[in-house]
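As structure tokens, the structure follows; a few thoughts come after it.
In the numbering used here, the protein residues as written are 1 to 671.
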């Protein structure tokens with residue numbers, strides 16, 4: 001076939017630019033034991049030149065530090081394949097050797113699993129030979145690949161409504177044949193709105209209406225040319241038609257028309273990744289995908305990243321620095337602004353991503369770590385909130401082609417040791433959702449064009465409510481729009497907190513009414529309450545907790561300790577074993593990216609200079625006997641059997657003082 005598109009791809013391409021037939025998706029399979037049971041993993045990035053020269057050495061270093069799973073590049077942005085591919089360009093270093101197979105087999109030979117970083121958003125050769133495949137923004141501009149924004153000639157994002165979709169599928173099947181364990185897709189895959197020729201045709205075929213943006217592109221053929229059996233059915237309405245709070249009704253950004261196309265792009269992502277996964281699993285049935293959710297945890301942009309997209313993916317690739325509400329509020333300079341704690345923002349973003357994936361652990365990239373304490377705090381926080389901590393290693397300086405002067409085992413070894421102790425107890429366990437906090441794309445979308453209103457009406461009340469429940473150490477989870485509309489509230493849930501009760505859809509209102517009849521306690525926050533005001537937030541938080549306690553009573557598991565402490569409780573669905581993850585605050589430092597001529601350790605927020613919090617003392621866990629008859633109780637990080645005492649209701653566990661994190665395991669009596 002050669003290294004170009006050729007007849008192979010054209011035979012399965014989108015004929016005439018129309019949309020391909022909807023593929024019946026395989027259901028999301030459970031994540032394998034090796035992934036669930038390795039909650040601290042490794043990540044490494046470098047060029048193919050470094051891989052060819054130094055891969056065995058790099059793998060030695062990472063394996064010696066304690067990693068048993070490695071995410072590493074198998075195809076970087078905008079370059080030829082690292083293996084002889086039947087389609088597109090093959091990198092010159094892979095024309096006479098299969099670099100991908102070498103990397104996979106080298107790691108497998110060490111007893112390690114390989115997650116292959118596959119940057120598929122752009123492709124230099126396809127962009128040159130098929131410029132019509134490039135995505136167009138809502139105003140007709142070329143969509144730039146995020147990593148290339150600063151280049152003189154930036155690469156562009158290619159559209160998944162074009163034949164590029166089948167080009168990528170061919171390459172994924174090739175990687176499945178090579179034995180890759182997981183494919184890792186970074187970033188946001190397509191812009192929220194694409195107005196290219198292929199998207200316009202696909203939209204009109206699916207919707208039976210004209211594309212809502214008038215852009216300077218070639219005319220599309222009439223709708224009648226498309227097969228009506230290929231129509232897409234929207235699974236859930238994520239916006240209120242014609243009702244952005246800004247009042248904008250035209251085709252501009254964040255208008256009703258914008259959200260219609262954004263929803264369509266989101267449906268395309270779901271359908272495409274399902275099709276790719278099905279094709280790969282025909283070759284390698286246990287292959288799964290770690291799919292980037294980009295700014296989904298921040299919740300401040302990218303409306304095409306929807307809750308039902310997160311729901312269908314195996315695991316979400318996310319990042320440590322993803323604070324709910326974004327890094328800075330437009331209200332930050334106001335004198336009475338209640339600045340949210342960094343650890344509360346990041347914790348909510350992680351919990352939101354985890355729960356949107358139905359509890360499956362997201363794969364979290366943790367970069368720029370250079371000190372042991374930083375690795376311990378960061379990985380402990382990530383694992384405690386139900387994620388997989390993927391610690392980034394910088395092993396080889398690609399310019400000098402020499403190792404960095406860093407004791408990787410000294411920096412990361414203790415994190416992997418802790419991970420091996422905790423991971424077996426968290427594998428396949430899921431968070432206890434005694435209280436759930438509804439987070440609404442619908443409410444967010446109506447305010448995306450108004451940053452100030454978005455913070456006052458969405459981010460401040462949700463962050464405040466989460467902080468209140470977290471500081472009282474109540475078992476809390478989050479709930480998506482779709483889950484609420486479909487009535488999927490866990491039977492273990494006693495309390496539902498609604499930040500926007502007046503903005504619920506008809507289906508959501510029906511769910512709430514039915515749940516209240518069954519005894520669910522519904523707490524409705526007052527619209528317009530000043531959660532963003534420092535002088536008012538404390539009172540609102542106390543009022544929320546008081547209402548929850550008065551109306552719902554006490555939860556079956558009660559945790560006491562300093563307000564700065566985080567506590568997340570998990571239950572295994574089969575054994576009934578309870579795992580309580582306790583973490584000290586990590587909001588006092590930042591993992592800092594090295595820049596030209598700067599040293600991260602010179603920043604006052606670098607962990608070597610920032611003020612570490614006090615240890616967590618006087619921590620207890622009380623468990624009602626009727627909920628769980630406690631058998632053995634131990635702390636697995638320090639490997640200690642814990643002191644317990646009988647109470648009228650059950651048992652009280654005394655947790656020893658700790659600085660970073662602890663994991664308490666309570667077995668059911670008789671096991």
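Cβ coordinates follow ideal geometry from the N, Cα and C atoms, glycine included.
Since we're looking at a predicted model, the values are computed, not measured.
{"query": "Judging by CA-CA distance, which residue of 213, 538 and 520 is the nearest neighbour of residue 340?", "result": "538"}
{"query": "For residue 561, which of 164, 625, 212 and 653 has the nearest alpha-carbon?", "result": "653"}
{"query": "What does residue 560 pair with, by DSSP beta-bridge criteria?", "result": "620"}
{"query": "Have a look at 43, 179, 399 and 581 and flag the residue whose alpha-carbon is nearest the alpha-carbon of residue 288.", "result": "179"}
{"query": "Out of curiosity, what's the CA-to-CA distance linking residue 541 and residue 503?", "result": "22 Å"}
{"query": "According to DSSP, is residue 661 helix, strand or coil?", "result": "strand"}
{"query": "Where DSSP assigns a beta bridge to residue 365, which residues make up the other side?", "result": "319 and 390"}
{"query": "Taking C-alpha atoms, which residue in 384, 298 and 433 lies nearest to residue 462?", "result": "298"}
{"query": "Could you name each continuous beta strand (DSSP E) segment of 3 residues or more that falls completely within the segment 162-189, going from the start of the chain to the end?", "result": "182-185"}
{"query": "Which two residues bound the contiguous alpha helix (DSSP H) that contains residue 312?", "result": "307-312"}
{"query": "Taking all protein chains shown into account, decide if residue 404 is buried (16 or more other Cβ within 10 angstroms of its Cβ) or exposed.", "result": "exposed"}
{"query": "Within 10 angstroms of its Cβ, does residue 489 collect 16 or more other Cβ (buried), or is it exposed?", "result": "buried"}
{"query": "Candidates 185, 165, 187 and 173: which alpha carbon is nearest residue 199's?", "result": "165"}
{"query": "Looking only at DSSP bridge pairs, what is residue 420 linked to?", "result": "DSSP lists no partner for residue 420."}
{"query": "Tell whether a beta-carbon distance below 8 Å holds between residue 47 and residue 593.", "result": "no"}
{"query": "Do residue 382 and residue 579 have their C-beta atoms closer together than 8 Å?", "result": "no"}
{"query": "If I measure Cβ to Cβ from residue 507 and keep anything under 6 Å in the same chain, skipping five residues before and after, which residues do I get?", "result": "485"}
{"query": "Please state the DSSP three-state secondary structure of residue 566.", "result": "strand"}
{"query": "When DSSP labels each residue in this structure, what does residue 654 get in the three-state scheme?", "result": "strand"}
{"query": "Put residue 201 into one of helix, strand or coil per three-state DSSP.", "result": "helix"}
{"query": "Report the three-state DSSP secondary structure of residue 587 (helix, strand or coil).", "result": "coil"}
{"query": "Please report the distance separating the alpha-carbon of residue 3 from that of residue 145.", "result": "Any reading at residue 3 is ruled out, since the residue's pLDDT is 31, under 50, leaving its predicted position unreliable."}
{"query": "State the Cα-Cα distance for the pair residue 40 and residue 379, rounded to the nearest angstrom.", "result": "7 Å"}
{"query": "Expressed to the nearest angstrom, what Euclidean distance is found between the alpha-carbon atoms of residue 156 and residue 134?", "result": "6 Å"}
{"query": "Less than 8 Å separating the beta-carbons of residue 616 and residue 642?", "result": "no"}
{"query": "Determine the direct distance from the alpha carbon of residue 308 to that of residue 356, and round the result to whole angstroms.", "result": "8 Å"}
{"query": "Is the CB-CB distance between residue 439 and residue 352 below 8 Å?", "result": "yes"}
{"query": "Output the distance between the C-alpha atoms of residue 524 and residue 498, rounded to the nearest integer angstrom.", "result": "5 Å"}
{"query": "Considering residue 116, what are the terminal residues of the alpha helix (DSSP H) in which it resides?", "result": "Residue 116 -> not in any alpha helix (DSSP H); beta strand (DSSP E) instead, spanning 113-118."}
{"query": "Indicate whether the contact test is met: 3 or more Cβ pairs, each with one atom in the segment 630-644 and one in the segment 415-427, closer than 8 Å.", "result": "yes"}
{"query": "Per DSSP, which one or two residues make a beta bridge with residue 298?", "result": "Bridge partners of residue 298: none, in fact."}
{"query": "Counting C-beta neighbours from all protein chains within 10 Å, is the total for residue 346 16 or more, i.e. buried, or is it exposed?", "result": "buried"}
{"query": "How long is the line joining the alpha carbons of residue 99 and residue 72, rounded to whole angstroms?", "result": "13 Å"}
{"query": "Should residue 545 and residue 443 be called a contact, given that it needs their Cβ atoms to be closer than 8 Å?", "result": "no"}
{"query": "Count the other C-beta atoms from every protein chain shown that fall within 10 angstroms of the C-beta of residue 517, then say buried if there are 16 or more, exposed otherwise.", "result": "exposed"}
{"query": "Report all residues from its chain with a CB closer than 6 Å to the CB of residue 451; omit the five preceding and five following residues, and keep chain order.", "result": "330"}
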